[in-house]
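Have a look at the structure below, then the notes.
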Amino acid sequence: MQIEEKFEPTIVAFCCNWCSYAGADLSGTNRLQYPANVKIIRVPCSCRVNPMFILRAFQRGADGVILCGCHPGDCHYTTGNYYARRRMTLLFSMLDFLGIERERTRLEWVSAAEGAKFAATMNDFVETVTRLGKNRRLEDLRCNK
Amino acid sequence: MQRIGVFVCWCGSNIAATVDVKAVAEALGKEPGVVFFEDYQYMCSEEGQNKIKNAIKDYALTGAVICSCSPRMHENTFRKAAAAAGINSFMVEIANIREQCSWIHKDKVSATEKAIVLGRAAIAKLHLNAPLTAGESPVVKRALVIGGGIAGIQTALDIADAGFEVDIVEKKPTIGGKMSQIDKTFPTLDCAACILTPKMVDVAQSEKIRIFAYSEVEAVKGFVGNFNVSIRKKARYVDEVKCTGCGLCTEKCPQKKVPNDFNLGLDQKRAIYIPFAQAVPKIATIDADYCTMLKTGKCGVCSKVCTAGAIDYKQKDTVLEEQYGAIVVATGFNPIELTKYDEFAYSQSPDVITSLEFERITNAAGPTGGTLLRPSDGTHPHKIVFVQCVGSREDGNGCGKTYCSKICCMYTAKHAMLTREKYPDTEVYVFYIDVRTPGKNFDEFYRRAVEEYGVHYIKGMVGKVSPENGKLMVRASDLIEGKQLLIDADLVVLAAAIEPDKSARPLATMLTASMDTNDFFTEAHPKLRPVESPTAGIFLSGCCQGPKDIPETVAQASACAAKVIGLLNKDKLTCNACVAHPDEMLCNGCSTCEKVCPYGAITYESKEFRMPDRTTRIRRVASVNPAVCQGCGACTVACPSGAMDLHGFSNRQIMAEVDAICK
Amino acid sequence: MQQVIRDKALSLLEAGKVDRVLAWKEGEFFYDQTPHVFKTAEEINRSLVYNGFSAANLSKYLVKETLKDGMIAVFLKPCDTYSFSQLLKEHRIPREKVWAVGIPCDGKLDIDRIRKAGLRGITSIREDGDRLSVSTIYGEKTVAKSDALAERCENCKSRKHIVYDELIGSEGEALDSGRFDAVEALEKMSPEERFAFWQKELSRCIRCNACRNACPACTCEKCVFDNPASGIESKAPASSFEEQNFHIIRAFHVVGRCTDCGECSRVCPQSIPLHLINRKFIKDINEFYGTYQAGENPDERAPLTNFDKDDMEPADAFRKGE
Chain A
292 MQIEEKFEPT IVAFCCNWCS YAGADLSGTN RLQYPANVKI IRVPCSCRVN
342 PMFILRAFQR GADGVILCGC HPGDCHYTTG NYYARRRMTL LFSMLDFLGI
392 ERERTRLEWV SAAEGAKFAA TMNDFVETVT RLGKNRRLED LRCNK
Chain B
57 MQRIGVFVCW CGSNIAATVD VKAVAEALGK EPGVVFFEDY QYMCSEEGQN
107 KIKNAIKDYA LTGAVICSCS PRMHENTFRK AAAAAGINSF MVEIANIREQ
157 CSWIHKDKVS ATEKAIVLGR AAIAKLHLNA PLTAGESPVV KRALVIGGGI
207 AGIQTALDIA DAGFEVDIVE KKPTIGGKMS QIDKTFPTLD CAACILTPKM
257 VDVAQSEKIR IFAYSEVEAV KGFVGNFNVS IRKKARYVDE VKCTGCGLCT
307 EKCPQKKVPN DFNLGLDQKR AIYIPFAQAV PKIATIDADY CTMLKTGKCG
357 VCSKVCTAGA IDYKQKDTVL EEQYGAIVVA TGFNPIELTK YDEFAYSQSP
407 DVITSLEFER ITNAAGPTGG TLLRPSDGTH PHKIVFVQCV GSREDGNGCG
457 KTYCSKICCM YTAKHAMLTR EKYPDTEVYV FYIDVRTPGK NFDEFYRRAV
507 EEYGVHYIKG MVGKVSPENG KLMVRASDLI EGKQLLIDAD LVVLAAAIEP
557 DKSARPLATM LTASMDTNDF FTEAHPKLRP VESPTAGIFL SGCCQGPKDI
607 PETVAQASAC AAKVIGLLNK DKLTCNACVA HPDEMLCNGC STCEKVCPYG
657 AITYESKEFR MPDRTTRIRR VASVNPAVCQ GCGACTVACP SGAMDLHGFS
707 NRQIMAEVDA ICK
Chain C
32 MQQVIRDKAL SLLEAGKVDR VLAWKEGEFF YDQTPHVFKT AEEINRSLVY
82 NGFSAANLSK YLVKETLKDG MIAVFLKPCD TYSFSQLLKE HRIPREKVWA
132 VGIPCDGKLD IDRIRKAGLR GITSIREDGD RLSVSTIYGE KTVAKSDALA
182 ERCENCKSRK HIVYDELIGS EGEALDSGRF DAVEALEKMS PEERFAFWQK
232 ELSRCIRCNA CRNACPACTC EKCVFDNPAS GIESKAPASS FEEQNFHIIR
282 AFHVVGRCTD CGECSRVCPQ SIPLHLINRK FIKDINEFYG TYQAGENPDE
332 RAPLTNFDKD DMEPADAFRK GE
């Protein structure tokens, strides 16, 4: 009997230091489970996340990228997440335009108190990306020959 | 090439139960650049730290990766340990394998795998770390207090008492604030003026304190330790130095029909006025909107009667530039406008008043000399209805506030009690949603009002107040008795919600201090740093941060002063080391980064450069003030040429982490 | 018009008003002109051209040219003035060193489109009102000019000059063009169709960097793709994803700065419709944050250096498209 290997997506989560990273810590402190596919990269603020990082993740084989920051109005640096929101809205829309499934990118606001939301968000995101399967990454046709 | 040591912590069984720590250490030991690896039960313990220090020395490590709990927990501990062993404290990276790994996963295999990946990411980042040194900036040893109410007064007095210079900027002609308008204070019932005015005098007499009354902050530049503030001194048309405050002009001025804002418009003042007898500074001020001389050029009575020759109709606003190390916001509160609460007939009848107006009517220095008289006909009211929570604790869809204004329950109890004491023939009703009396001697006070003074406390809201034949018909429901009430009151007093002063919002923008949706200033931490703003060097005193009564305000004001003193006591401030820095050779000079910087840390300068082609060029390049930069990184992404990068979180470092995770 | 422009160039040089003139020079083929800095009257009389193939947006060359001493004159078509204005806003060009002459434009020609219409062996093309007389080795042919226009000119966004020192001809107006129609058509496709479309288009990319080198917004001192410290340096594709990465990042770097001049698509030797990527960003900005035309208003804050507290979330943006 052949056992079909379950697809395990690679998920990169960028978390701002002040809210979402602390929220992720809180979900740990509260022992709230989410899949080990999620690997978190700590950034000072959601506005530190350069679209280059997200493209790089996709380039290197990530199947989903999620960016978490403080809720609008709660940014530790007052305005960072507003800029991040515009940048990500445009970038995600562009990736969608290029045919990369929109469900592979996500922007979520998670406060330091929202450990449960963090875990729930990650569970949902991993499930969504797993359903989508491996990212096709807009590969060059010529490389497939 | 770095020489990296990897230290895997068991955290007792917190990590070791779900993550195979030995396997992690061994796997990471094979990574390029790793020359030493070790696992230990408690890396944060004295013994654990010693292991790190020894390894750094013994193996000439240039950096350390600690796989342990969240960096929010022990990053500083490990950085200090590394520094103690002689390497730069920023050559330490933490892989969070507890909160973000062992505690959230049950399967040991996948948790171990993930821990290895997280460790690899930390190693990849560390390879690109560079030693960082935090800069230093000097501190101007002087504080600015914005707002001269009891909060500002107390903060200023405490700072001055510690030996530092303080300036108070107050937009009204006198300091004193709301407390100067209040009659008695709860729960002790001592007279507000008796306890406030001595403090005002202390401020006036302090050699360390300057008062800029009738002045407003116009612009704020700079940063913690080095603020440059423009203060606009509005024209009083009276020479502050010459005026003796004798008050003769305020008696002789022929323009008598000026609404008296100190008495909330309940009576009238002259066009030249001193708000109240104990005003500080006691200097007359001309109200330019009403002064006949300033409007038509014909009058000049005050100038004729002033023996000091202090009147100066040609006086202009002046703008002062001052330097401060710290800024205290003490802008206080106001009752909300009641125009939208027409069910209470506030705009229809002069006998429907706010609680603050009630204070003025019962105040001996107020418009009625302290006798409780109806504003409409000057008669004694025999039936008074107090309505609580007017505009407070609303559902958010209405015109009111969602929060509890906190002070209304107590001052209403005070008003009810004092009325019953002075005028026992008066019936007093209080309509409430809940009576909230947490505070020392507060509940006892409220119970006295009910039990000893016979105030009728009725749980329920007033639905409508309608003026009929000189009476105010109050329709209300009694929720406990379950019946509708109709009361023919003589006076209705509304406990209006309090809100931050309107000047707070533009001030917050100037200070780049954050506010909540209700325009209260946000504290740096709601529990642990309650008197500091998230913006370094900005401190919060009194009701600008949230509704407070007088004792709380004074306590917070003193706490705020302590924080300011702590800052001013330092000769130099250590800056954030993880700041943005431009590569000048890559900078286009396009000003994009400057526009997104929330702190104004980026400026542009023209500099001469020797170019790679051996020509000399003057180029416009960005420059970051490391004392101002907080390291958010907004500029790094805004920069199209990639010239701007962030120490500690560089483009290459983050991409190295991405690569390690996606491998 | 060519003579008017030559005369203007000559008079500016002769009067000593400028030291150099930036204009179009005839190239190896009649349809292949190059931007050129003219220094003498003789040079101008010999090789300065202006016709339906004078397509290059000259504003970008001012960045380097104004580093030199002296004044330079430049001829700018309406859409070039947007780029010029945007570069001024970004402090890339010292305004005082440039004498900008606005010139009219009624659309540039696309030689590939004419060829695709079946005309072979073209030796010259003469513009005759709304008709083109095409000389080929097989004889004289005529085509309607509207059938030979470049895509960007067919969907011309404006005939207005945003900034100039003097104007030849009369001033036009911003137009209501259908330039977003192609983007919209792509948006209406399924993700699979879009993916296939772009995979096909972008797979043709040879990373010649022509788009970047012609783009007036790509004037960085050093491009991130040439910079080893940027972490994304790549002179040639290193992975199958590289070209896509390059085009997305390049487009993102010019968001809110791209004036939609269409140079990227014009110069692409592989005829990849690169302008669609930039236009998608412009269309999104217009729809999400209000209409914004880069280069139009020097005092306006660019969309990515601005925000509104009630801006939409990325998820809302997707919902809006449905």
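Chains as they are written, first to last, in this note's numbering: chain A, 292 to 436; chain B, 57 to 719; chain C, 32 to 353. Ideal Cβ positions, reconstructed from N, Cα and C, are used throughout, including at glycine. The structure presented is a predicted model; accordingly, all values stated were derived computationally and were not measured.
Which residues in chain B sit within 9 Å of residue 225 (chain C), going by Cβ to Cβ distance?
For the purposes of this step, residue 225 (chain C) is identified with residue 194 of the third sequence, where counting begins at 1. Near residue 225 (chain C) there are no residues of chain B at all, since even the closest Cβ is about 24 Å away, more than 9 Å.
What does a CB cutoff of less than 6 Å around residue 321 (chain A) pick up in its chain, not counting 5 residues either side in sequence?
On the first sequence, position 30 is the one that residue 321 (chain A) refers to. Around residue 321 (chain A): 406.
Using the Cβ count rule (16 or more neighbours within 10 Å means buried), how would you classify residue 60 (chain C)?
Working through the third sequence from its first residue, we reach residue 60 (chain C) at position 29. Flag for residue 60 (chain C) reads exposed.
Chain C contacts made by the stretch 160-193 of chain B, where a contact means CB separation under 7 Å:
none
Within 8 Å of chain A by C-beta, residues of the stretch 285-300 of chain C in sequence order
286
Could you check the C-alpha separation between residue 241 (chain C) and residue 297 (chain C) for me, to the nearest Å?
As a working note, residue 241 (chain C) is residue 210 in the third sequence. As a working note, residue 297 (chain C) is residue 266 in the third sequence. Their backbone Cα atoms lie some 10 Å apart in a straight line.
Compare the C-beta of residue 311 (chain A) against all C-beta atoms of chain C and say whether one is closer than 7 Å.
As a first step, residue 311 (chain A) must be located in the first sequence, where it is residue number 20. No, its Cβ sits nowhere closer than 7 Å to a Cβ of chain C.
By the DSSP assignment, the beta strand (DSSP E) with residue 378 (chain B) in it spans what residues?
Looking up residue 378 (chain B) in the second sequence gives position 322. Looking at the DSSP string, the run of the beta strand (DSSP E) that includes residue 378 (chain B) is 374-380.
Against chain A, with Cβ distances strictly below 7 Å, would residue 710 (chain B) count as a contact?
As a first step, residue 710 (chain B) is located in the second sequence; it is residue number 654 there, counting from the start. Interface residue, yes.
Nearest by alpha-carbon distance to residue 559 (chain B): which of B:576, B:544 and B:550 is it?
Within the second sequence, the letter at position 503 stands for residue 559 (chain B). Residue B:576 is the option with its Cα nearest to residue 559 (chain B).
For the beta strand (DSSP E) holding residue 668 (chain B), just list the boundary residues, first then last.
Locating residue 668 (chain B) in the second sequence gives position 612, where the first residue counts as 1. Per DSSP, residue 668 (chain B) belongs to no beta strand (DSSP E) and is neither H nor E.
Decide yes or no for the touch test of the stretch 700-718 of chain B against the stretch 254-264 of chain C: beta carbon pairs closer than 8 Å, at least 3 of them.
yes
Under a Cβ-count criterion, where at least 16 other Cβ atoms within 10 Å of its own Cβ denotes burial, should residue 336 (chain B) be classed as buried or exposed?
For this step, residue 336 (chain B) is matched to residue 280 along the second sequence. Burial call: buried.
Assuming the contact rule is C-beta atoms closer than 8 Å, residue 631 (chain B) and residue 682 (chain B) should be a hit. Round their C-beta distance to whole Å, please.
As a working mapping, residue 631 (chain B) is identified with position 575 in the second sequence. As a working mapping, residue 682 (chain B) is identified with position 626 in the second sequence. That pair is a contact at about 5 Å.
Test: residue 360 (chain A) CB closer than 7 Å to a CB of chain C:
Counting from 1 along the first sequence, the entry for residue 360 (chain A) is found at position 69. Output row for residue 360 (chain A): interface = no.
If you drop the 5 nearest sequence neighbours on each side, which residues of the same chain put their C-beta closer than 6 Å to that of residue 673 (chain B)?
For the purposes of this step, residue 673 (chain B) is taken as the residue at position 617 of the second sequence. Once the five neighbours on either side are set aside, the close Cβ partners of residue 673 (chain B) are 665 and 667.
Say whether chain A places a C-beta atom closer than 7 Å to the C-beta of residue 652 (chain B).
Numbered from 1 along the second sequence, position 596 holds the residue referred to as residue 652 (chain B). For residue 652 (chain B), the answer is yes, since a Cβ of chain A falls inside 7 Å of its Cβ.
Spatial neighbours of residue 268 (chain B) within its chain, please: CB distance less than 8 Å, with the 5 preceding and 5 following residues excluded, ordered by chain position.
By 1-based counting over the second sequence, the position of residue 268 (chain B) is 212. Taken in chain order, the residues that qualify are 223, 224, 225, 226, 287, 289 and 376.
Leaving out five residues before and five after residue 191 (chain C) in sequence, what residues of the same chain have Cβ atoms less than 7 Å from its Cβ?
In the third sequence, counting from the first residue as 1, residue 191 (chain C) sits at position 160. Here the set comprises 109, 202, 203, 204 and 205.
Residue 139 (chain C) and residue 83 (chain C): beta carbons closer than 7 Å?
Along the third sequence, read from residue 1 onward, the residue named residue 139 (chain C) stands at position 108. Along the third sequence, read from residue 1 onward, the residue named residue 83 (chain C) stands at position 52. Closer than 7 Å, so yes.
Leaving out the 5 sequence neighbours to the left and right, which residues in its chain are closer than 8 Å to residue 707 (chain B) when beta-carbon positions are compared?
Sequence index remark: in the second sequence, residue 707 (chain B) carries index 651 (1-based). Taken in chain order, the residues that qualify are 692, 698 and 701.
Just mark residue 152 (chain B) as buried or exposed, buried being the case when its beta carbon has 16 or more other beta carbons within 10 Å.
Translated into the one-based positions of the second sequence, residue 152 (chain B) becomes position 96. Its Cβ being crowded by 16 or more others within 10 Å, residue 152 (chain B) is buried.
What does the alpha-carbon distance come out to for the pair residue 139 (chain B) and residue 182 (chain B)?
Indexing the second sequence from 1 puts residue 139 (chain B) at position 83. Indexing the second sequence from 1 puts residue 182 (chain B) at position 126. Approximately 16 Å, taken between the alpha carbons.
At the 7 Å Cβ level, is residue 324 (chain A) part of the contact set with chain C, yes or no?
Translated into the one-based positions of the first sequence, residue 324 (chain A) becomes position 33. Not an interface residue.
Take the Cβ of residue 333 (chain B) as the centre, count every other Cβ of all protein chains shown within 10 Å, and call the residue buried at 16 or more, exposed below.
Indexing the second sequence from 1 puts residue 333 (chain B) at position 277. Exposed, since its Cβ has fewer than 16 Cβ neighbours within 10 Å.
Just to confirm the assignment, what range does the alpha helix (DSSP H) spanning residue 343 (chain A) have?
The residue labelled residue 343 (chain A) in the question sits at position 52 within the first sequence. Per DSSP, residue 343 (chain A) belongs to the alpha helix (DSSP H) from 342-350.
Host alpha helix (DSSP H) of residue 246 (chain C) (start-end):
Residue 246 (chain C) sits at position 215 when you count from the first residue of the third sequence. Taken as a continuous stretch (DSSP letters only), residue 246 (chain C) belongs to no alpha helix (DSSP H), as it is neither H nor E.
Any C-beta of chain A under 7 Å from that of residue 717 (chain B)
Translated into the one-based positions of the second sequence, residue 717 (chain B) becomes position 661. Closer than 7 Å: yes.
Identified DSSP bridge partners for residue 306 (chain A):
Within the first sequence, residue 306 (chain A) is the residue found at index 15, counting from 1. A:333 and A:359.
Using the beta-carbon of each residue, which ones in chain B are nearer than 7 Å to residue 415 (chain A)?
Taking the first sequence and counting its residues from 1, the one referred to as residue 415 (chain A) is at position 124. Under the 7 Å cutoff, chain B gives no residues; its nearest Cβ is about 15 Å from residue 415 (chain A).
Alpha helix (DSSP H) containing residue 292 (chain B): first to last residue?
Translated into the one-based positions of the second sequence, residue 292 (chain B) becomes position 236. That residue, residue 292 (chain B), is in no alpha helix (DSSP H); it is neither H nor E in DSSP.
Distance, residue 611 (chain B) Cα to residue 595 (chain B) Cα
The residue labelled residue 595 (chain B) in the question sits at position 539 within the second sequence. The residue labelled residue 611 (chain B) in the question sits at position 555 within the second sequence. Straight-line Cα distance between these residues: approximately 14 Å.
Contiguous beta strand (DSSP E) assignments of at least 3 residues, all confined to the stretch 57-141 of chain C:
65-69, 103-107 and 129-133
Suppose you measure from the CA of residue 221 (chain C) to the CA of residue 392 (chain A); what does that come to, to the nearest Å?
Walking along the third sequence from the start, residue 221 (chain C) turns up at place 190. Walking along the first sequence from the start, residue 392 (chain A) turns up at place 101. Cα to Cα, the separation comes out at about 10 Å.
For the stretch 113-145 of chain C, enumerate the residues whose C-beta is nearer than 7 Å to any C-beta of chain B, in chain order.
121, 122 and 123
Residues of the stretch 372-400 of chain A with a CB closer than 7 Å to any CB of chain B: list them in chain order, please.
374 and 378
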